[in-house]
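**Q**
Number of protein chains: 2
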Amino acid sequence: MGEGIGSVEKASRGGWKQDPEGVRSNIVAVAMAEFAQNGLSGARIDEIAAKTLTSKRMIYYYFGDKEGLYRTVLEEAYRKVRSGEQELDLEHLAPDAALARLVEFTFDHHSSNPDFIRIVMIENIHHGAYLEQSDLIATLNEGAIRKLEQICARGRAAGLFRPEIEPLELHWMISALSFFNVSNRPTFSRIFGPALFGAEGQKTLRGHAVEMVMRFVKA
Amino acid sequence: MGEGIGSVEKASRGGWKQDPEGVRSNIVAVAMAEFAQNGLSGARIDEIAAKTLTSKRMIYYYFGDKEGLYRTVLEEAYRKVRSGEQELDLEHLAPDAALARLVEFTFDHHSSNPDFIRIVMIENIHHGAYLEQSDLIATLNEGAIRKLEQICARGRAAGLFRPEIEPLELHWMISALSFFNVSNRPTFSRIFGPALFGAEGQKTLRGHAVEMVMRFVKA
DNA sequence: ACGACAATGTACGGGACGGTTAATTATGTC
DNA sequence: GACATAATTAACCGTCCCGTACATTGTCGT
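Protein chains in written order, with my numbering: chain A, 19 to 237; chain B, 19 to 237.
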């Protein structure tokens with residue numbers, strides 16, 4: 019929730035009464051929540067329109083069709099989350115501390131963005147067919163991995179990490195633990211009880227995630 | 019794919035021409051594939067019916083409605099996978115070897131049952147609402163964790179494992195790595211390339227999963 | 001053999017839902 | 001101020017799709 023509406027300042031010409039950018043971003047915000055909640059085929063255009071400040075016609079005016087809207091939402095979700103990740107600087111930390119910090123951050127960050135997780139789950143259900151069409155995504159690659167490359171290089175140089183550690187594989191591990199922790203909460207909690215997902219349990223699991231990664235890289 | 023149809027022997031009375039059990043299980047098999055492929059709202063009853071050896075009428079006759087069919091599929095998916103897990107005996111192995119074996123097995127088992135993974139993903143998208151209604155599931159708890167409890171006990175007794183290791187938390191880790199490896203393959207592969215998901219990459223990741231868990235539990 | 005009932009096939013209704021058509025208002029241009 | 005164009009509204013349409021009514025056949029008990 020939070021801001022919800024989504025307003026944008028006009029840059030080019032003078033004052034407008036009509037606010038296309040605002041309408042657009044409002045639609046995307048509503049649609050993101052709705053797709054995250056119900057999936058691509060589960061989400062209802064009429065429902066999205068109703069929760070919007072505008073009408074259904076606008077959705078088709080700006081996004082063409084349901085899939086066009088979904089694609090936009092998907093890209094926006096990635097953009098939003100990755101931008102949140104930028105605010106983390108690890109340069110000033112020792113390599114092992116930096117890695118530990120990165121794991122903690124990723125764990126928490128995923129935990130605080132369940133809608134993003136759900137969108138990614140949904141996209142995976144669709145075999146990544148829509149992400150396939152987006153070329154924005156390729157660039158997000160860079161930033162996510164670069165941090166790990168630097169940490170690995172420094173850790174290896176300092177003799178702290180094993181030399182054969184691969185940044186991409188490390189990223190896979192960290193993502194797996196952080197993602198699963200959110201994505202499979204409902205079923206896991208139902209089968210094995212909710213203990214791991216309370217405040218205490220989450221602190222423990224986060225600690226374990228850090229511990230696993232640290233022990234894995236240690237020389 | 020594989021057998022596909024699903025035929026069942028009659029137990030009670032003499033020979034039948036009509037085969038309700040066969041029809042039933044045939045529907046479930048088809049529906050499982052279809053739900054796994056398209057999700058709950060994405061799956062089409064008409065499509066399921068068409069791929070069945072029988073008619074749409076039978077689906078409603080046996081399962082009431084779409085959600086009833088989905089619930090059955092969900093339970094059946096868990097049952098099938100858990101029964102596959104039974105065939106693993108670890109008693110005769112040393113605790114550390116047993117644990118390593120369990121991780122390898124889980125990793126491979128998830129990898130060979132993508133439809134099960136997809137069903138669980140879908141169920142999580144639905145907040146586990148349908149699993150909630152099933153009481154069969156509680157019993158699956160037992161077997162899955164018991165193995166780990168025994169391994170932990172033996173490992174601790176032998177002084178190989180840290181004493182504070184919790185079986186449930188261990189299960190969470192193993193599941194996370196094994197599950198994510200399948201569930202997020204499409205998006206991960208799209209963003210970071212398919213290298214990790216070829217034969218070579220998978221062997222590496224499986225090794226890493228084992229390594230992570232082993233290093234984590236080591237005293 | 002026959003009645004009861006389980007199992008199955010066919011055809012169709014009704015509503016939800018994605019998408020569109022045509023008209024209306026606001027904004028900038030000359 | 002008139003005109004072109006962007007932004008927006010409201011009503012509507014056609015189809016996909018879940019579920020059902022009705023008819024029919026097979027099987028078992030007696």
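Every residue gets a Cβ at the ideal spot worked out from N, C-alpha and C, and that includes glycine.
1. Please go through the same chain and pick out, in chain order, the residues whose beta-carbon is closer than 7 Å to the beta-carbon of B:Leu108, but skip the five residues on each side of it.
2. Out of curiosity, what's the CA-to-CA distance linking A:Arg136 and A:Ala171?
3. Give a yes or no on whether 7 Å exceeds the smallest Cβ distance from B:His145 to chain A.
4. Does B:Ala194 come within less than 7 Å of chain A when only Cβ atoms are used?
5. May I have the straight-line CA-CA distance separating A:Glu93 from A:Leu154, to the nearest angstrom?
6. Report the residue ranges of all alpha helix (DSSP H) runs contained in full by the segment 53–98 of chain A; include only those spanning at least 4 residues, in chain order.
7. Hey, B:Thr205 and A:Asn142: beta-carbon distance below 7 Å or not?
8. Please go through the same chain and pick out, in chain order, the residues whose beta-carbon is closer than 6 Å to the beta-carbon of B:Asp37, but skip the five residues on each side of it.
9. Which term fits B:Gly33, buried or exposed, when burial requires 16 or more other beta carbons within 10 angstroms of its beta carbon?
10. Just by C-beta distance, which residues in the segment 197–212 of chain A are closer than 9 Å to chain B?
11. Of all the residues that make up the segment 117–129 of chain B, which are near chain A by a beta-carbon distance shorter than 7 Å?
12. Distance check for A:Asp64 and A:Ala213, CA to CA, integer angstroms please.
13. Taking only the alpha-carbon atoms, compute the straight-line gap between B:Leu238 and B:Ala112 and give it to the nearest angstrom.
14. Please list, in chain order, the residues of the segment 155–179 of chain A that have any C-beta partner in chain B closer than 9 Å.
15. Which same chain residues end up closer than 6 Å to B:Lys69 when comparing Cβ atoms and leaving out the 5 residues on each side of it in sequence?
16. Could you tell me whether the Cβ of B:Asn44 comes closer than 7 Å to any Cβ of chain A?
17. With 16 other CB atoms within 10 Å as the buried threshold, where does B:His110 fall?
18. If you draw a straight line from the alpha carbon of A:Glu39 to that of A:Val46, how long is it in whole angstroms?
19. Please classify A:Arg75 as buried or exposed, where buried requires at least 16 neighbouring CB atoms within 10 angstroms.
20. By Cβ distance, which residues of its chain are closer than 8 Å to B:Ala176, with the 5 residues on each side in sequence left out?
21. Which runs of the alpha helix (DSSP H) at least 4 residues long sit entirely within the segment 94–136 of chain A? Give them in chain order.
22. Going by DSSP, what residue range makes up the alpha helix (DSSP H) through A:Glu218?
23. Closer than 6 Å by C-beta to A:Arg174: which residues in its own chain qualify, once you throw out the five before and the five after it? Chain order, please.
**A** On the basis of the data shown:
1. Ala116, Arg119, Leu120, Lys165 and Ile169
2. 33 Å
3. yes
4. yes
5. 8 Å
6. 63–69 and 74–81
7. yes
8. none
9. Any reading at B:Gly33 needs caution, since the residue's pLDDT is 37, under 50, leaving its predicted position unreliable; the model's value is listed next. Answer is exposed; the Cβ neighbour count stays below 16.
10. Phe197, Phe198, Asn199, Ser201, Asn202, Arg203, Pro204, Thr205, Phe206, Ser207, Arg208, Ile209, Phe210 and Gly211
11. none
12. 38 Å
13. Beyond the ends of chain B as shown, which are 19 and 237, falls residue 238 of chain B; an answer cannot be given.
14. Ile155, Ala156, Leu158, Asn159, Ala162 and Ile163
15. Val48
16. no
17. exposed
18. 11 Å
19. exposed
20. Ala112 and Pro113
21. 113–129
22. Ala217 to Val235
23. Pro181
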